[in-house]
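Asker:
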Amino acid sequence: MRDARSELTRPIGVRLWLSGGWLMLLACAAIFAPWIAPQDPLAQDLFLGRMPPFWENGSEAGFWLGTDSLGRDVLSRILYGARLAMIVALVAGTLTCLIGASLGLIAGFYRGWPDRIISRFVDIWMAFPPVLFAILLIAVLGTGLTSIIIAIVIIDWTRFARVIRAEALSQSAMDYVASAQVAGRARFGTMLTEILPNVLPTIVALLTLEMGIAVIVEAILSFVNLSISTDSPTWGGMIAEGRISVHQAWWVLVFPLITLFLTVLSFSQLGEGLKDRFDPVLR
Amino acid sequence: MSGYLNIRNLSVSLRGGGPILRSVTLDVAAGQVHGLVGESGAGKSMIGKAVLGTLPRALQITAGEIWLDGQDLLKLSPGQRRHRIGATTALIPQDPLTALNPSRRIGPQITRRLVDILGWTKAAAEARALELLAEVDIPDPRRVMRTYPHELSGGMRQRILIASAFAAEPKLIIADEPTTALDVTVQKQILRLIAEMQARHGTALLFVTHDLGVVSKVCDSLSVLYAGKIVENARMRRFFMHPIHPYSAALLAATPTYTNPQGSLMPVPESVIETVEQEVTAHDRRWGRR
Amino acid sequence: MALLRAILVRLLTTAITLFGVAVIVFVVIRVVPGNPIAMMLPPGATEADIARLQMQYGFDKSIFEQFTIWLSGVVQGDFGTSISLRQPVSLLVLNRLPATLELSIVALLIAVLIGGTMALVGTRFRDTGAEGAIDMGAGMALSIPDFLWGLVLILLFGVLWPVFHISGRISPSLDIDFTTNFYLFEALFRLRFDVLADLIGHMFMPAVALAIPLAAIIAQLLKQSLKETMHLDYVTLARTKGYAERTVITREALPNAILPTLTLVGVQFTFLIGGTVIIERLFSYEGLGNMAIDAVINRDLPLIQGIVILFALIFTLVNLVVDMMYVVLNPRLRHA
Chain A
1 MRDARSELTR PIGVRLWLSG GWLMLLACAA IFAPWIAPQD PLAQDLFLGR MPPFWENGSE
61 AGFWLGTDSL GRDVLSRILY GARLAMIVAL VAGTLTCLIG ASLGLIAGFY RGWPDRIISR
121 FVDIWMAFPP VLFAILLIAV LGTGLTSIII AIVIIDWTRF ARVIRAEALS QSAMDYVASA
181 QVAGRARFGT MLTEILPNVL PTIVALLTLE MGIAVIVEAI LSFVNLSIST DSPTWGGMIA
241 EGRISVHQAW WVLVFPLITL FLTVLSFSQL GEGLKDRFDP VLR
Chain B
1 MSGYLNIRNL SVSLRGGGPI LRSVTLDVAA GQVHGLVGES GAGKSMIGKA VLGTLPRALQ
61 ITAGEIWLDG QDLLKLSPGQ RRHRIGATTA LIPQDPLTAL NPSRRIGPQI TRRLVDILGW
121 TKAAAEARAL ELLAEVDIPD PRRVMRTYPH ELSGGMRQRI LIASAFAAEP KLIIADEPTT
181 ALDVTVQKQI LRLIAEMQAR HGTALLFVTH DLGVVSKVCD SLSVLYAGKI VENARMRRFF
241 MHPIHPYSAA LLAATPTYTN PQGSLMPVPE SVIETVEQEV TAHDRRWGRR
Chain C
1 MALLRAILVR LLTTAITLFG VAVIVFVVIR VVPGNPIAMM LPPGATEADI ARLQMQYGFD
61 KSIFEQFTIW LSGVVQGDFG TSISLRQPVS LLVLNRLPAT LELSIVALLI AVLIGGTMAL
121 VGTRFRDTGA EGAIDMGAGM ALSIPDFLWG LVLILLFGVL WPVFHISGRI SPSLDIDFTT
181 NFYLFEALFR LRFDVLADLI GHMFMPAVAL AIPLAAIIAQ LLKQSLKETM HLDYVTLART
241 KGYAERTVIT REALPNAILP TLTLVGVQFT FLIGGTVIIE RLFSYEGLGN MAIDAVINRD
301 LPLIQGIVIL FALIFTLVNL VVDMMYVVLN PRLRHA
């Protein structure tokens, strides 16, 4: 048993602060977008097309990060885009985690035929190129927020199932599980009280990682024009447009790209940091 | 200074931590076998590692000199030192099961260093390896050269490691508990083999072991290491007739072949050791000057 | 006997996996709303025209019947006819496959080169600031997926310092009469270095984008494996023989440290190949992935099916090759 005090006084770590801070900032942007966005993200004005950001010559007051080819404000679109990104991250991440971790836990703990069936499905899923699978699903389900979330859950549950199954398998082999069994605890109860708490750190780390991946998948789908309706602002959509006009207006690509980059990096760093912090073995 | 290897006041400690070796002084004369005895944890393997330059990264030499053939190794650059060790010294390791590279055939493991470091031709190195393998009683050396380590028994592998150690005619061999990891039946054969090879090639040998019985069979002189400190340096005959340090006496009493056949290690009271400590330090100094 | 049994079991599971993939794709794409046939015909086509084409493509039958017809065709090497491009799927797919294979293999080579170097340098300078820097770099490279690296590269080498082409596979002016679709290997073979340079100029950014995450994984895994190996007795013994640390790492530790890394890298390589789908789109590279996205957008059912099955086949083959390499490189298994 470690001294509880050292646990409390341990520094949380720079990367946890930085990544957590960025994500908080983004959450605020998502919630308060209508109040803090300087412009209407959908308002087009062809006379204001491709205005550079404020420090360059020829910039237009009020359009801090410039405008796209249709004269829409880049900053406002990024702020509104954060809404969709955050919703997808939270909802798709959580649902994927619930379904994937449950299946992994069942496969690893019960073994036998549930394991065989679940593992077979994981094998088949691993043989699909994930991006193509996602695009295919959206083509079937139609575009829209719900479709994106369903597609992410369908594609990525295996990530949780694989890792949690392996962890549950190794946990089940340990003596304390056997002793809980001998003590006459119900199988299902043992799984929830003995196995689940020990795989929880991994689940939490995977969940934050998955949130970052969900944001990326949404951006990729927007990029191939299969996300939400074309005029609602998404980071992926902005990147797709910026990619085309990158030689004429770099800012249309750069700012949403930086936002996306930092967001994905933050989610994964947060996951790694939490894992180090909560892993009973590493602690 | 006489002898091929002279270690003077060598101190090794954990980086930012306590001492492992405290002012160790010992000599290995050319062509002689010197035993280094101590219980596990006394730091005896670290002396060999300090000479060979393979101390773990957590340890560092804080003071002392290691003279090899009239040259202080610690004054050389790491590259020069490595080359000098490679050309004049060899190691017979403790565990033959882990000391051969599992992904390489036996032949190259013996010949490569002759070619790479000593500049032999490939044919000469191979002839030499075959000769040595025959000398350590390996049946069908030509076939064994083409096998992988996992195909051979522990005893065979230790023979190969001995052949490999003698291949370049080194002036000094450090044998680090070479029989500990082997079956009791094989231990005797290997011990006899090392003694024979040493006598035939006239190599100086530093024999590290925890077994005084083994030392009595093969060594000309010995050092006793206790808690990182040499408590006694002696010729064999003098040591067995009149051990100076109480730890040496306890060690002798625990050795079945000599004083009593049951042989159990009698604990040395801390107080006794402390009172003798100063006497031993003085003894060390005498040795250092000699 | 045990080996034969293992091979048979392996082949059987591979077949089941491929069958599963086929069934899922087949079912999923037949739920697609919208009539693919209607999209093929010019406006004003009559109901009779649509019905006739539907019959031609077999869409009037039940899903189960369609599947058996399709499967019996596949067994004979017939993957059907593309609706949007009106050519045999097998022909279209085989024409595009070399481009994707070349891209994946070049990316793999880059990843092994960068990742391997980082692992070796990190091991040589272990427990120093250099190792810390490599760990940090690898950690970051790993957090960011290939899609974003591709965009970053476009900004760096396409806009800021435009040295590489940001789209396509080859400049039209240099499109010599290739006899195969392996442009890179053919240019090399025919010693057309101008063409080779142009091909590399096009391939550089997509390949590097795909390689970065894999390089990071190789760096981390191999370095860990090397560091563990460096503590082993035979490595220490090699050191006493007078070899430099560099030689000890590459010659004694590396061959034994590669094995544990290999299996994981195999799985990661299939992820890399999966990544070509979006990377090819991003760089307008004319490979399988780019064609697949077009096929989905055009609702070209036979083509989607063919491409997905091909990807699944490649993935299972990669895993098979990795397992075989594991046996070949491990003397213990080779002689068992």
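Residue numbers (the UniProt record's numbering), protein chains in the order written: chain A, 1 to 283; chain B, 1 to 290; chain C, 1 to 336. Backbone N, C-alpha and C define an ideal beta-carbon position, used for all residues, glycine too.
(1) Quick one: list the residues of chain A neighbouring residue 143(C), beta-carbon separation under 7 Å, in chain order.
(2) Rounded to a whole number of angstroms, what is the C-alpha to C-alpha distance between residue 308(C) and residue 60(C)?
(3) Rounded to whole angstroms, what is the Cα-Cα separation between residue 222(C) and residue 220(A)?
(4) Using the three-state DSSP reduction, which class does residue 30(A) fall into: helix, strand or coil?
(5) Thinking C-beta only, is residue 21(B) closer than 7 Å to residue 223(B)?
(6) Give me the Cα-Cα distance between residue 45(B) and residue 7(B), rounded to the nearest whole angstrom.
(7) Listing by chain order, which chain A residues have their CB less than 7 Å from the CB of residue 17(C)?
(8) Determine the extent of the alpha helix (DSSP H) in which residue 158(A) is found, giving its start and end residues.
(9) Between the alpha carbons of residue 298(C) and residue 84(C), how many angstroms are there, rounded?
(10) Find the nearest neighbour of residue 67(C) within the set 48(C), 27(C), 324(C) and 81(C), judged by alpha-carbon distance.
(11) Cα separation between residue 52(B) and residue 175(B)?
(12) Would you mind telling me which residues of chain A sit closer than 7 Å to residue 281(C), beta carbon to beta carbon, in chain order?
(13) Report the option in 157(A), 38(A) and 138(A) whose CA atom is closest to the CA atom of residue 78(A).
(14) Considering only DSSP beta bridges, list what residue 205(B) is partnered with.
(15) Just to check my reading of the structure: residue 122(C) and residue 219(C) have Cβ atoms closer than 8 Å, yes? What is that Cβ distance to the nearest angstrom?
(16) I need the DSSP call for residue 226(B), collapsed to helix, strand or coil.
(17) Whole alpha helix (DSSP H) runs in the stretch 141-185 of chain B with 4 or more residues, listed along the chain?
(18) Counting along the chain, where does the alpha helix (DSSP H) carrying residue 327(C) start and finish?
(19) Strictly below 9 Å CB to CB, what residues from chain C border residue 14(B)?
(20) Taking any Cβ of chain F, which residues in the stretch 76-89 of chain A have a Cβ under 9 Å from it, in chain order?
(21) Nearest to residue 199(A) by CA position, among 104(A), 131(A) and 147(A), is which residue?
(22) Jot down the residue ranges of each uninterrupted alpha helix (DSSP H) in the stretch 174-228 of chain C, minimum 4 residues, whole runs only, in chain order.
(23) Determine, using beta carbons only, whether residue 244(C) and residue 226(C) come nearer to each other than 7 Å.
(24) By how many angstroms is the C-alpha of residue 178(B) removed from the C-alpha of residue 95(B)?
(25) Taking the Cβ atom as the reference point for each residue, do residue 152(A) and residue 217(A) lie within a distance shorter than 7 Å?
(26) Using DSSP with H/G/I as helix, E/B as strand and the rest coil, what is residue 261(B)?
(27) Please look up how many angstroms separate the CB atoms of residue 5(B) and residue 50(B), rounded, as I've assumed it's under 8 Å.
(28) Closer than 7 Å by C-beta to residue 163(C): which residues in its own chain qualify, once you throw out the five before and the five after it? Chain order, please.
(29) Can you tell me where the beta strand (DSSP E) with residue 63(B) in it begins and where it stops?
(30) Can you find the residues in the same chain that come closer than 8 Å, C-beta to C-beta, to residue 62(C), ignoring five residues on each side of it along the sequence?
(31) Give me the subset of the stretch 138-150 of chain B whose CB atoms are less than 8 Å from a CB atom of chain C, sorted by chain position.
(32) Taking only beta-carbon positions, decide if residue 120(C) is within less than 7 Å of chain A.
(33) On the criterion of 16 or more Cβ atoms from any shown chain inside 10 Å, does residue 321(C) qualify as buried, or is it exposed?
(34) Return the CA-CA distance between residue 46(C) and residue 52(C), expressed in angstroms with no decimal places.
(35) Taking only the alpha-carbon atoms, compute the straight-line gap between residue 170(C) and residue 199(C) and give it to the nearest angstrom.
(36) Going by DSSP, what residues sit across from residue 72(B) in a beta bridge?
Answerer: Result, derived from the coordinates:
(1) By 1-based counting over the third sequence, the position of residue 143(C) is 143. By Cβ distance, chain A contributes 264, 265, 268 and 269.
(2) Mapped onto the third sequence, residue 308(C) falls at position 308. Mapped onto the third sequence, residue 60(C) falls at position 60. Their backbone Cα atoms lie some 23 Å apart in a straight line.
(3) Taking the third sequence and counting its residues from 1, the one referred to as residue 222(C) is at position 222. Taking the first sequence and counting its residues from 1, the one referred to as residue 220(A) is at position 220. Each residue's Cα considered, the two are about 31 Å apart.
(4) Your numbering for residue 30(A) matches position 30 in the first sequence. Under the three-state reduction of DSSP output, residue 30(A) falls in the helix class.
(5) Locating residue 223(B) in the second sequence gives position 223, where the first residue counts as 1. Locating residue 21(B) in the second sequence gives position 21, where the first residue counts as 1. Cβ distance not < 7 Å, so residue 223(B) and residue 21(B) don't count as in contact.
(6) As a working note, residue 45(B) is residue 45 in the second sequence. As a working note, residue 7(B) is residue 7 in the second sequence. A direct Cα-Cα distance of roughly 14 Å separates residue 45(B) from residue 7(B).
(7) Residue mapping note: residue 17(C) aligns to position 17 of the third sequence, counting from 1. For residue 17(C), the residues of chain A that pass the 7 Å Cβ criterion are 123, 124 and 127, in the order they occur in the chain.
(8) Position 158 of the first sequence, counted from the first residue, corresponds to residue 158(A). From DSSP, the alpha helix (DSSP H) with residue 158(A) extends over 145-172.
(9) Here residue 298(C) refers to the residue found at position 298 when the third sequence is read from its first residue. Here residue 84(C) refers to the residue found at position 84 when the third sequence is read from its first residue. Cα to Cα, residue 298(C) sits roughly 7 Å from residue 84(C).
(10) Start at 1 with the first residue of the third sequence, and residue 67(C) comes out as number 67. For residue 67(C), the nearest C-alpha among the options comes from 27(C).
(11) Residue numbering aside, residue 52(B) sits at position 52 when the second sequence is read from its first letter. Residue numbering aside, residue 175(B) sits at position 175 when the second sequence is read from its first letter. Residue 175(B) has its alpha-carbon roughly 12 Å from the corresponding atom of residue 52(B).
(12) What you label residue 281(C) is simply residue 281 of the third sequence in a count that begins at 1. Those within 7 Å of residue 281(C) in chain A are 224.
(13) Mapped onto the first sequence, residue 78(A) falls at position 78. Out of 157(A), 38(A) and 138(A), the CA that lies nearest to the CA of residue 78(A) is found in 38(A).
(14) Walking along the second sequence from the start, residue 205(B) turns up at place 205. In the DSSP secondary-structure assignment, residue 205(B) is bridged to 33(B) and 173(B).
(15) On the third sequence, residue 122(C) is found 122 positions in, with the first residue counted as 1. On the third sequence, residue 219(C) is found 219 positions in, with the first residue counted as 1. Indeed, because the Cβ distance is near 7 Å, the residues count as touching under 8 Å.
(16) Locating residue 226(B) in the second sequence gives position 226, counting from the first residue. Looking at residue 226(B) - three-state DSSP - the assignment turns out to be strand.
(17) The stretch 141-185 of chain B contains these whole alpha helix (DSSP H) runs: 141-144 and 154-167.
(18) Counting from one through the third sequence, the residue named residue 327(C) turns up at place 327. Residue 327(C) -> alpha helix (DSSP H) spans 301-329.
(19) Along the second sequence, read from residue 1 onward, the residue named residue 14(B) stands at position 14. Within 9 Å Cβ-Cβ: nothing; residue 14(B) doesn't reach chain C, min ~14 Å.
(20) Here chain F cannot be found, since the structure's protein chains are A, B and C.
(21) Residue numbering aside, residue 199(A) sits at position 199 when the first sequence is read from its first letter. For residue 199(A), the nearest C-alpha among the options comes from 104(A).
(22) The stretch 174-228 of chain C contains these whole alpha helix (DSSP H) runs: 183-189.
(23) Stepping through the third sequence from its first residue, residue 244(C) is reached at position 244. Stepping through the third sequence from its first residue, residue 226(C) is reached at position 226. Between residue 244(C) and residue 226(C), the C-beta gap is not smaller than 7 Å, which leaves the two residues out of contact.
(24) Here residue 95(B) corresponds to residue number 95 of the second sequence, with the count starting at 1. Here residue 178(B) corresponds to residue number 178 of the second sequence, with the count starting at 1. Approximately 7 Å between the Cα atoms of the pair.
(25) Start at 1 with the first residue of the first sequence, and residue 152(A) comes out as number 152. Start at 1 with the first residue of the first sequence, and residue 217(A) comes out as number 217. Residue 217(A) is positioned such that its CB atom lies closer than 7 Å to that of residue 152(A).
(26) Counting from one through the second sequence, the residue named residue 261(B) turns up at place 261. Its pLDDT being 44, under 50, residue 261(B) is placed unreliably in this model, and the value from its coordinates should be taken loosely. Note: residue 261(B) maps to coil in three-state DSSP.
(27) To locate residue 5(B), count along the second sequence from 1; it is residue 5. To locate residue 50(B), count along the second sequence from 1; it is residue 50. Taking C-beta atoms under 8 Å as the contact rule, residue 5(B) and residue 50(B) fail to qualify, at a distance of about 11 Å.
(28) Numbered from 1 along the third sequence, position 163 holds the residue referred to as residue 163(C). Result list for residue 163(C): 157, in chain order.
(29) Indexing the second sequence from 1 puts residue 63(B) at position 63. Counting along the chain, the beta strand (DSSP E) containing residue 63(B) begins and ends at 59-68.
(30) Numbered from its first residue, the third sequence carries residue 62(C) at position 62. Within its own chain, no residue has a Cβ closer than 8 Å to the Cβ of residue 62(C) once the five positions on either side in sequence are excluded.
(31) Within the stretch 138-150 of chain B, the residues whose Cβ lies closer than 8 Å to any Cβ of chain C are, in chain order, 148 and 150.
(32) As a position in the third sequence, residue 120(C) is number 120, starting the count at 1. Chain A, which has no Cβ nearer than 7 Å to the Cβ of residue 120(C), makes this no.
(33) In the third sequence, residue 321(C) corresponds to position 321, counting from 1. Exposed: under 16 other Cβ atoms inside 10 Å.
(34) Within the third sequence, the letter at position 46 stands for residue 46(C). Within the third sequence, the letter at position 52 stands for residue 52(C). Annotation: residue 46(C) to residue 52(C) spans about 10 Å, alpha carbon to alpha carbon.
(35) Translated into positions along the third sequence, residue 170(C) becomes position 170. Translated into positions along the third sequence, residue 199(C) becomes position 199. Spanning the alpha carbons of residue 170(C) and residue 199(C) requires a straight line of approximately 5 Å.
(36) Walking along the second sequence from the start, residue 72(B) turns up at place 72. Answer is 67(B).
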